[in-house]
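A.B. asks: Sharing a structure with you now.
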Amino acid sequence: MKEKLDLILKNGLEQIEKCVDLKALDDVRVRFLGKQGELTAILRNMKEIPAEERKNVGMLANVVREKLEKALSDKLAALEERQLEIEMEKEKVDITMPGVGVKKGALHPLTKFNNKFMDICVAMGFTVIQGPEIDTDYYNFEALNVPKNHPARDMQDSLYITDNIVLRTQTSNMQVHAMEKMKPPFKIVCPGRVYRNDDDSSHSPIFNQFEALVVDENIGLKDLMKMIDVILKKLFGEDVKMRVRPSYFPFTEPSIEIDATCQMCGGKGCSLCKGSGFSEVFGAGVVNPKVLEMSGIDSKKYSGFAFGPGIDRSVMVTNKIPNIKYLYRNDLRFLKQMR
Ligand code: DAH
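In the working numbering, the protein residues as written are 2 to 340.
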């Protein structure tokens, strides 16, 4: 019996030693110490052992059991520690590795110019409004004193959706929407996209304008020119010079065209300004009383002035962009250069 117990201990210890995972270790435990285990069988059958041997065998069997239990628990601790090390190894983060890097976005040059212009106007007391890009012929033309068959319609190559619905050719449609809704005195500015059937390196079928309209008592051309002078200085710097030429728009009377120091050459004269040192910036004028009346504003009490710059040209010149299409292609290679 003693040999048998020694053999159980030897085998048990060997097998415990060989275990590489918790499952194998548990199998060994069951094999020796489980209900049907080899050592359990001996302990259970003690009464069959002759009385004189029983005590010694009992003691020895208990020693074997304790040794096996100790070996099992030591191995269990070792395996658990190893397991933990493996998991920690897997989850290890190398904090010295370079980061992934966050790519910074940037505002589109048109948006930047827009924001600058808006800030200037808001500081002067203008309310910013937005309105439809798809509008009726009435708002885009008729209420601005451009009836059907008026030759002024040829000034703008319009894109019609139906006979009566047009992609707005100018943000001036917002003058009419504003006059219908707002009570004078008011000052509104409306930035937005406009559409014309025009397509070459300096014209795009989509481009951007602003519309500014002031309606109040006793205001006129000199107030308009003073305001434009202030805005141009804030936009392009204190040194900018302004030049005024007579013009024609059906919705203003008188109408003027504003030129400012050429932003490409700073006024020295270049190919862009054809040597004049000035470039055209926008149309403006005193609102035609007929236009006020058509939108329900008493033209005996109130007068108004308006101006409507296109902003693409300025953005192209200040950023040295050779073709207007770059502004509308959303090509990241271009946009990255505009940061
Ligand atoms: N809407 C005109 C255009 O697109 C520009 C313009 C001229 C706007 C005179 C105005 C204005 O408000 O008063 O050509």
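The beta-carbon is built from N, C-alpha and C at its ideal position, and this holds for glycine as well.
Smallest Cα separation from residue 290: which of 313, 9, 133, 256?
C.D. replies: For the purposes of this step, residue 290 is taken as residue 289 along the sequence shown, with counting starting at 1. Selected option, being the one with the closest Cα: 256.
A.B. asks: Examine the ligand DAH and report whether any of its heavy atoms sits within less than 7 Å of the Cβ of residue 267.
C.D. replies: Residue numbering aside, residue 267 sits at position 266 when the sequence shown is read from its first letter. It does not: the Cβ of residue 267 is nowhere closer than 7 Å to a heavy atom of the ligand DAH.
A.B. asks: Going along the chain, which residues of its own chain have a beta-carbon closer than 7 Å to the beta-carbon of residue 234, five neighbours each way excluded?
C.D. replies: In the sequence shown, the residue the question calls residue 234 occupies position 233. Excluding positions up to five away in sequence, the list reads 241.
A.B. asks: Please report the straight-line C-alpha distance between residue 193 and residue 89, rounded to a whole angstrom.
C.D. replies: The residue you call residue 193 lines up with position 192 of the sequence shown. The residue you call residue 89 lines up with position 88 of the sequence shown. Answer to the nearest angstrom: the Cα atoms are 58 Å apart.
A.B. asks: Does the segment 33-52 come close enough to the segment 100-112 to have 3 or more Cβ pairs within less than 8 Å?
C.D. replies: no
A.B. asks: In this structure, does DSSP put residue 151 in helix, strand or coil?
C.D. replies: Residue numbering aside, residue 151 sits at position 150 when the sequence shown is read from its first letter. In this structure, residue 151 counts as coil in the three-state DSSP scheme.
A.B. asks: Look up residue 285 in the DSSP assignment and say whether it is helix, strand or coil.
C.D. replies: As a working note, residue 285 is residue 284 in the sequence shown. Three-state DSSP puts residue 285 in a strand.
A.B. asks: Is it the case that the Cβ atoms of residue 296 and residue 190 are separated by a distance below 8 Å?
C.D. replies: Counting from one through the sequence shown, the residue named residue 296 turns up at place 295. Counting from one through the sequence shown, the residue named residue 190 turns up at place 189. Between residue 296 and residue 190, the CB-CB gap reaches or exceeds 8 Å.
A.B. asks: Which complete beta strand (DSSP E) runs does the segment 213-263 hold, if anything under 3 residues is left out?
C.D. replies: 243-250, 253-262
A.B. asks: Quick check: the Cα distance between residue 170 and residue 94, rounded to an integer number of angstroms?
C.D. replies: The residue you call residue 170 lines up with position 169 of the sequence shown. The residue you call residue 94 lines up with position 93 of the sequence shown. Residue 170 and residue 94: Cα-Cα distance of roughly 59 Å.
A.B. asks: Identify, in the order they occur along the chain, each residue of the same chain with its Cβ nearer than 6 Å to the Cβ of residue 320, setting aside the five sequence neighbours on each side.
C.D. replies: Your numbering for residue 320 matches position 319 in the sequence shown. Cβ within range, chain order: 110.
A.B. asks: Check each candidate in 45, 216, 188 and name the one with the smallest Cα separation from residue 302.
C.D. replies: On the sequence shown, position 301 is the one that residue 302 refers to. Ranking the options by Cα distance to residue 302, first place goes to 216.
A.B. asks: DSSP on residue 168, reduced to helix/strand/coil?
C.D. replies: Residue numbering aside, residue 168 sits at position 167 when the sequence shown is read from its first letter. If DSSP states are grouped into helix, strand and coil, residue 168 belongs with the strands.
A.B. asks: Which same chain residues end up closer than 7 Å to residue 277 when comparing Cβ atoms and leaving out the 5 residues on each side of it in sequence?
C.D. replies: Position 276 of the sequence shown, counted from the first residue, corresponds to residue 277. The residues 270, in chain order, have a CB closer than 7 Å to that of residue 277 in the same chain once the five nearest residues on each side in sequence are set aside.
A.B. asks: Once DSSP output is grouped into helix, strand and coil, what is the label at residue 107?
C.D. replies: In the sequence shown, residue 107 corresponds to position 106, counting from 1. Coil.
A.B. asks: When you measure from the CB of residue 276 to every non-hydrogen atom of the ligand DAH, does any distance come out below 7 Å?
C.D. replies: For the purposes of this step, residue 276 is taken as the residue at position 275 of the sequence shown. Because no heavy atom of the ligand DAH lies under 7 Å away, the Cβ of residue 276 does not count as near it: no.
A.B. asks: Flag this pair as touching only if the segment 217-226 and the segment 332-340 have three or more C-beta atom pairs under 8 Å; answer yes or no.
C.D. replies: no
A.B. asks: Beta-carbon within less than 7 Å of residue 224's beta-carbon, same chain only, minus the 5 sequence neighbours each way: which residues are those?
C.D. replies: Mapped onto the sequence shown, residue 224 falls at position 223. So the list reads 306, once near-sequence residues are dropped.
A.B. asks: Once you ignore the five residues that flank residue 76 on each side, which residues in its own chain have a CB closer than 8 Å to its CB?
C.D. replies: Within the sequence shown, the letter at position 75 stands for residue 76. Cβ neighbours of residue 76 beyond the five flanking positions: 17, 18, 20, 26.
A.B. asks: Report yes if the C-beta of residue 264 is less than 7 Å from at least one heavy atom of the ligand DAH; otherwise report no.
C.D. replies: As a working note, residue 264 is residue 263 in the sequence shown. Every heavy atom of the ligand DAH is 7 Å or more from the Cβ of residue 264, so no.
A.B. asks: Between residue 1 and the rest of its own chain, which residues show a CB-CB distance below 8 Å, the 5 nearest in sequence each way excluded?
C.D. replies: With the chain represented from 2 up to 340, any question about residue 1 goes unanswered, as that position is not in the structure.
A.B. asks: Specify the secondary structure class of residue 273 as computed by DSSP and reduced to three states.
C.D. replies: Here the question's residue 273 lines up with position 272 in the sequence shown. Residue 273 falls in the coil class under three-state DSSP.
A.B. asks: My assumption, with CB atoms under 8 Å, is that residue 287 sits in contact with residue 261. Please give the rounded CB distance.
C.D. replies: Numbered from its first residue, the sequence shown carries residue 287 at position 286. Numbered from its first residue, the sequence shown carries residue 261 at position 260. In fact, because the Cβ distance is near 20 Å, the residues do not count as touching under 8 Å.
A.B. asks: Is DSSP giving residue 310 helix, strand or coil here?
C.D. replies: Numbered from its first residue, the sequence shown carries residue 310 at position 309. Strand, per DSSP.
A.B. asks: By a C-beta neighbour count over all protein chains shown, 10 Å radius and 16 as the cutoff for buried, is residue 205 buried or exposed?
C.D. replies: The residue labelled residue 205 in the question sits at position 204 within the sequence shown. Result: buried.
A.B. asks: Please work out which residues of its chain come closer than 6 Å, Cβ to Cβ, to residue 213, disregarding the five sequence neighbours upstream and downstream, and give them in chain order.
C.D. replies: As a first step, residue 213 is located in the sequence shown; it is residue number 212 there, counting from the start. Contacts found: 190, 308.
A.B. asks: Output needed for residue 274: all residues of its chain with C-beta closer than 6 Å, excluding positions within five of it in sequence on either side, in chain order.
C.D. replies: Within the sequence shown, the letter at position 273 stands for residue 274. For residue 274, where only same-chain residues beyond five positions count, the Cβ hits under 6 Å are 263, 280.
A.B. asks: Classify residue 194 as helix, strand or coil using the three-state DSSP reduction.
C.D. replies: The count along the sequence shown starts at 1 and reaches residue 194 at position 193. It is a strand residue.
A.B. asks: Within this structure, are the beta carbons of residue 133 and residue 211 separated by less than 8 Å?
C.D. replies: By one-based count along the sequence shown, residue 133 stands at place 132. By one-based count along the sequence shown, residue 211 stands at place 210. No. Outside cutoff.
A.B. asks: DSSP has residue 305 in a bridge; who is on the other side?
C.D. replies: Position 304 of the sequence shown, counted from the start, is the residue given in the question as residue 305. Note: residue 305 sits in a beta bridge opposite 216.
A.B. asks: Have a look at residue 136 and residue 96 and give me their C-alpha separation to the nearest angstrom.
C.D. replies: Counting from one through the sequence shown, the residue named residue 136 turns up at place 135. Counting from one through the sequence shown, the residue named residue 96 turns up at place 95. Rounded to the nearest angstrom, the two C-alpha atoms are 58 Å apart.
A.B. asks: Using a threshold of 7 Å, is the CB atom of residue 118 nearer than that to any non-hydrogen atom of the ligand DAH?
C.D. replies: Within the sequence shown, residue 118 is the residue found at index 117, counting from 1. Within 7 Å of the C-beta of residue 118 there is not a single heavy atom belonging to the ligand DAH.
A.B. asks: Is residue 60 buried or exposed, if buried means 16 or more other CB atoms sit within 10 Å of its CB?
C.D. replies: If you number the sequence shown from 1, residue 60 lands on position 59. Exposed: under 16 other Cβ atoms inside 10 Å.
A.B. asks: For the beta strand (DSSP E) that contains residue 137, what are its first and last residues?
C.D. replies: Locating residue 137 in the sequence shown gives position 136, counting from the first residue. First-last of the beta strand (DSSP E) with residue 137: 135-137.
A.B. asks: Using the three-state DSSP reduction, which class does residue 74 fall into: helix, strand or coil?
C.D. replies: The residue given as residue 74 occupies position 73 in the sequence shown. In the structure shown, residue 74 sits in a helix (DSSP, three-state: H, G or I).
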